[in-house]
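What follows is a single structure, written as structure tokens, with notes after it.
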Amino acid sequence: MLGSLVYVGGMTPEKAYDIVGIDGARFGDELARIGYNGWAPCPGTTPKAFVELHIEQGPVLEAEGITIGAVDSVQGISWSELSITGVSNHAGTTPMNMRKDPLFCAAEIARFVRQLSEEIGNNQVGTVGKIDVSPNLVNVVAANVEMTVDLRNTDEILLRQAEDQLEEFCNKLADQEDVKIKKKQLARFEPVAFDLDLVQKITEIADSLKLSSKQMPSGAGHDAQMFARICPSAMIFVPSQDGLSHNPKEFTSKDDIEAGGNTLLRLILDIAGG
Numbered sequence: 031m032l033g034s035l036v037y038v039g040g041m042t043p044e045k046a047y048d049i050v051g052i053d054g055a056r057f058g059d060e061l062a063r064i065g066y067n068g069w070a071p072c073p074g075t076t077p078k079a080f081v082e083l084h085i086e087q088g089p090v091l092e093a094e095g096i097t098i099g100a101v102d103s104v105q106g107i108s109w110s111e112l113s114i115t116g117v118s119n120h121a122g123t124t125p126m127n128m129r130k131d132p133l134f135c136a137a138e139i140a141r142f143v144r145q146l147s148e149e150i151g152n153n154q155v156g157t158v159g160k161i162d163v164s165p166n167l168v169n170v171v172a173a174n175v176e177m178t179v180d181l182r183n184t185d186e187i188l189l190r191q192a193e194d195q196l197e198e199f200c201n202k203l204a205d206q207e208d209v210k211i212k213k214k215q216l217a218r219f220e221p222v223a224f225d226l227d228l229v230q231k232i233t234e235i236a237d238s239l240k241l242s243s244k245q246m247p248s249g250a251g252h253d254a255q256m257f258a259r260i261c262p263s264a265m266i267f268v269p270s271q272d273g274l275s276h277n278p279k280e281f282t283s284k285d286d287i288e289a290g291g292n293t294l295l296r297l298i299l300d301i302a303g304g
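According to the working numbering, the residues represented by the sequence shown are 31 to 304, in order.
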């Protein structure tokens, strides 16, 4: 989504080039290394509309036996990195009530993220996807933990509520366990609503092709949400087998891909003729 964000003017190329990955590599340097540091001016030309065909990356369409998802919105995304600092100590000689254990705190945060998401509801999801422990030894109370938290919701107010509650929980936990917890915001995007006319056209085209369809939000981020800033935008989803994505077993059948392609083609022709 970084390329589309720059294209629509949401970020300057210079700022994008200076982004540094978790491996320490600078984005602009890596683009130059592989020959992809393009010359096209940004912001670019504003299109009449933007429509993106994509696999669902989730289980809903397959579970409900539906072929086409007419995507009406994209969830807001909040990514943060938490650095928890305690005191490294001997696992056998340090009493439980005298520990400053960042790994215990990380486990409590992971549990809270799950509980928080279930309590808020309304498409709220929360994920702890990465944990690095130091020194990561069997007989040593950890000294430091780096972890990530991914919060998403289609409602901006509820997403902010989740962020606030997580921060409050971390502050209380740090005091309770006598550790330090520092937060770094990695990414933040507000929820995006797609063009209702395009969404409706997708369902109408699916009906004309005798394809089952439903309106649904996207839980993942996509280029279309960036283009929604400058032109009417929407997405078409096709089913993901077993709901798997970011997984070597990710698969969508040829029939479903064809159905999505035909829906996209009809929509493009409709837009071009309108």
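All C-beta atoms in this analysis are idealised placements derived from N, C-alpha and C, irrespective of residue type, glycine included. Keep in mind that this is a model prediction, so the values were computed, not measured.
| query | result |
| --- | --- |
| Whole-angstrom distance between K210 and V171, CA atom to CA atom | 15 Å |
| Beta-carbon proximity list for V175, same chain, < 6 Å, skipping 5 on both sides | I114, P132, L133, A136 and V163 |
| DSSP state of V168 mapped onto helix, strand, coil | coil |
| Test item: CB-CB of Q87 and S275 under 8 Å | yes |
| Reduced DSSP category for L295 - H, G, I as helix; E, B as strand; rest coil | helix |
| K212 - DSSP class collapsed to helix/strand/coil | strand |
| I98 versus L294: straight-line alpha-carbon distance, rounded | 11 Å |
| Cβ contact (3+ pairs, closer than 8 Å) linking the segment 99 to 108 and the segment 179 to 187 | yes |
| Three-state secondary structure (DSSP) of L181 | strand |
| Where A254 sits in the DSSP three-state scheme | helix |
| Residue(s) in a DSSP beta bridge with V104 | V222 and S248 |
| Whole runs of the beta strand (DSSP E) within the segment 38 to 112, excluding any shorter than 3 residues | 80 to 85 and 98 to 104 |
| Bridge-paired residues (DSSP) for N127 | Note: N127 sits in no beta bridge, so no partner. |
| Local Cβ density within 10 Å of Y37, reported as buried at 16 or more and exposed below that | buried |
| Beta-ladder partner(s) of N174, from DSSP | T115 and S164 |
| Continuous beta strand (DSSP E) stretch holding S283: start and end | Note, S283: premise wrong, no beta strand (DSSP E); not H, not E. |
| Residues of its chain near A250, where Cβ-Cβ distance is below 6 Å and the 5 sequence neighbours each way are ignored | Q87 |
| Same chain, Cβ closer than 7 Å to K130, neighbours up to 5 away in sequence not counted | G116, V117, E207, D208 and V209 |
| DSSP beta-bridge partners of M31 | Per DSSP, none; premise fails for M31. |
| Where the alpha helix (DSSP H) through S147 begins and ends | P132 to I150 |
| Element boundaries [beta strand (DSSP E), containing I266] | S263 to V268 |
| Selected residue, minimal CA-CA separation from R259, among T123, E220 and Q245 | E220 |
| N153 versus I139, L189, T178 and T75, residue with shortest Cα-Cα distance | L189 |
| Residues bridged to H120 [DSSP beta-bridge criterion] | V170 |
| Euclidean distance between Cα positions of S238 and A289 | 12 Å |
| Stretch-stretch touch, CB-based, cutoff 8 Å, three pairs: the segment 294 to 303 with the segment 229 to 237 | yes |
| Spatial distance of M31 from Q191 (CA atoms) | 25 Å |
| A254, buried or exposed, once every other Cβ within 10 Å from all chains shown has been counted against 16 | buried |
| Proximity of K160 and T178 at Cβ, strictly below 8 Å | yes |
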